[in-house]
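First the structure, in the form of structure tokens, and then the observations on it.
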Amino acid sequence: MADLISKIKTMEPGPQTIFVEGWVRTKRDSKTVTFIEVNDGSCLKGLQVVADRSSIDNNLLNSISTGCSVICEGKLVASIGGDQKVELSATDIKLVGECPDDYPLQKKRHTLEYLREIGHLRARTNTIGAVERVRSTMAYAVHRFFQENGFFYVNTPLITASDAEGAGQMFQVTTLDLENVPKTEDGKVDYSKDFFGKRTSLTVSGQLEGETYATALKNIYTFGPTFRAENSNTKRHLAEFWMIEPEMSFCTLEGDMKVAEDFLKYVFKYVLDNCQEDMDFFSKFVEPGVKDTLVHVVESPFAHMTYTDAVKELEKASDKFDFKPFWGCDLQTEHERFLTEEVAKRPVIVTDYPKEIKAFYMKLNEDGKTVRAMDVLAPRLGEIIGGSEREYRLDILKARMAELGLNEKDYWWYLELRKYGSVPHSGFGLGFERAVQYVTGMQNIRDVIPYPRASKQADF
RNA sequence: UCCCCGAUAGCUCAGUCGGUAGAGCAGGUGGCUGUUAACCACCCUGUCGGCAGUUCGAGUCUGUCUCGGGGAGCCA
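Here this note's numbering is used: position 42 in the first sequence is 140, and no number is missing along the way.
What follows is the structure, encoded as structure tokens:
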């Protein structure tokens, strides 16, 4: 019945009756009129509803307070006041749901830490509301980019029996009675009695399954939840997060990097074009200048360097680091930030890492020492994308697995992709929340997902 | 998991040398006002995170637990 406030604010004043539904953010009384700011979440700034105290029931107006839900009826008029073009001159107001004065959201600014304690209400704040609008827009942009570029959306399984994916600690999935676990004769847990007849866990990555569909549909992407049981307590880790993993057949690392760059730029530009009010808000109150940074990223090419060259750069500035860089070391957070913030001053793609610090499935280079891996490092965040060209040569892949002590039987179907019609292919993984963090400037990943799941935290 | 910091009114915080609790906002009352986090005056609000200890006396010192934040590791 009622239009969204985001639409109403773009309409011209007119004689027709319109309705506004939403929640009261603040109310101010004047001598003859009452101002009610109504927000319905469709945009950052709400609509000012003006109620003439001589024509609207004063008892009703007095009972309206911050947090109430209301339906207002009236005409859109040009606003006399300064901050808005139009406002609703109310002819009738219905109080739908009252809001007692112990409402946890005051008109004043709250800390994000406090808002995390009221996860069921925090979406009604400017900041979290803006984050969720941007998050939704970004999710839409992700699908648009891939759908417009010949990728198919594949849903890889959330429950997996492959306990050897190696990307992190896994959450076990079971229907066994934990008070009375069935045991085999030699005293181990008898998983044949479990729901799936074997030990299962929540997925830590859809990549391996994604590869199988890429070798059939050519270009695919996944976009779904991922679970890691790491006991890591940081502002950029979650136990449950959303990951985007494209996989392209007949594609080398060069193509992979191009897709990664085009993809990030597309999503960023889409947000800049479609979330202007929210981006202005982030740029003003959350991370000064974040909007200009995004514009800069969209307009300039990403920097490129090999791991070997990156280490040379780091060695030049060795004094600045707690952890001294050397060829073969894993890049520390401080190193990644130096490369992207000081050396490149923009996103940088680092390639060709030592095989020892990367996963078994990455394609071995001619030198026998490095693999065709690439990490996209972004200022402020560090690694935002990790990807690689996959090893498609069966003999070399088997040799790598043997080096690392991996059991071929656990990967039999993955290896068969290399046996039957193998093809060079590449892909990458993007942590969706980290991308939302990057775009919004939000410091803590727990504030860019509606209900964060982390160690000792599964409220709401 | 390791290191550092923190927990005081509904919210944001101050609290000196160990001496018995304070400001702004919110709420209430009145005033003023086409207001924009409105403004002015007055009023109300506390298991000082939990448990133990030192002390005549603990918000303050010690131990411990819980929760939160920052950093590290791991990664996306």
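Glycine included, C-beta positions come from ideal geometry on N, C-alpha and C.
Compare the beta carbon distance of residue i and residue j with 8 Å and say whether it is the shorter of the two.
i	j	result
ARG151	THR124	no
SER167	GLY195	yes
PHE250	ASN157	no
VAL448	ASP473	yes
ARG516	CYS373	no
LYS78	GLU487	Lying outside 99 to 558, the shown extent of the chain, residue 78 is not represented and no answer is given.
GLY527	GLY484	yes
PHE350	TRP340	For the sequence presented, residue 350 should be read as Thr rather than Phe. No.
GLU135	VAL122	yes
How is the beta strand (DSSP E) around residue i delimited, first residue to last?
i	result
LYS192	184–195
VAL175	167–176
VAL448	446–452
TRP340	338–347
GLY322	317–325
GLY529	523–529
VAL136	131–137
LEU300	298–300
Just curious, the alpha helix (DSSP H) that residue i is in, first and last residue?
i	result
HIS433	431–436
PHE400	No alpha helix (DSSP H) contains PHE400, which DSSP labels as neither H nor E.
LEU492	492–501
THR235	224–246
LEU412	405–414
VAL357	351–372
GLU211	210–214
LYS517	510–517
How close, in whole Å, do the beta carbons of residue i and residue j come, if the pair is a contact with beta carbons under 8 Å?
i	j	result
PHE380	GLY227	With a Cβ gap of about 12 Å, PHE380 and GLY227 do not count as contacting.
PRO445	HIS433	Not really, about 15 Å apart at Cβ, beyond 8 Å.
GLU439	PRO477	5 Å
VAL365	PHE458	Wrong, their Cβ atoms sit about 30 Å apart, outside the cutoff.
THR254	THR320	5 Å
LEU145	ILE106	6 Å
DSSP on residue i, reduced to helix/strand/coil?
i	result
ASN160	helix
TRP121	strand
ALA642	With the chain covering only 99 through 558, there is no way to say anything about residue 642.
ALA476	strand
LEU274	coil
LEU306	helix
ARG220	helix
LYS554	coil
ILE154	coil
GLY485	strand
TYR251	strand
LYS105	helix
LEU256	coil
GLN146	strand
ALA471	strand
ILE543	helix
ASP420	coil
MET268	coil
MET99	coil
ARG126	strand
THR391	helix
VAL287	strand
LYS281	strand
THR538	helix
Could you check the C-alpha separation between residue i and residue j for me, to the nearest Å?
i	j	result
GLN270	GLY503	23 Å
CYS427	ASP493	27 Å
TYR368	GLN555	33 Å
ASP557	GLU211	14 Å
ALA188	VAL147	6 Å
ASN137	GLN305	41 Å
TYR289	MET355	42 Å
ALA149	VAL534	39 Å
ILE455	ASP465	16 Å
ALA221	ARG334	20 Å
SER218	THR225	Before going on, a small fix: residue 218 reads as His here, not Ser. Going by the C-alpha atoms only, they are around 14 Å apart.
PRO522	ALA552	37 Å
VAL229	GLN204	19 Å
ASN329	SER260	21 Å
THR310	MET346	11 Å
ASP127	ILE169	19 Å
LYS453	ASN463	9 Å
ARG207	GLU359	37 Å
THR475	LYS382	It should be pointed out that residue 475 corresponds to Leu in this sequence rather than to Thr. Those two C-alpha atoms are separated by around 24 Å.
LYS192	THR223	23 Å
GLU338	VAL469	29 Å
ALA408	TYR536	23 Å
VAL274	THR431	Reading the sequence as shown, one finds Leu at residue 274 and not Val. Each residue's alpha carbon lies about 40 Å from the other.
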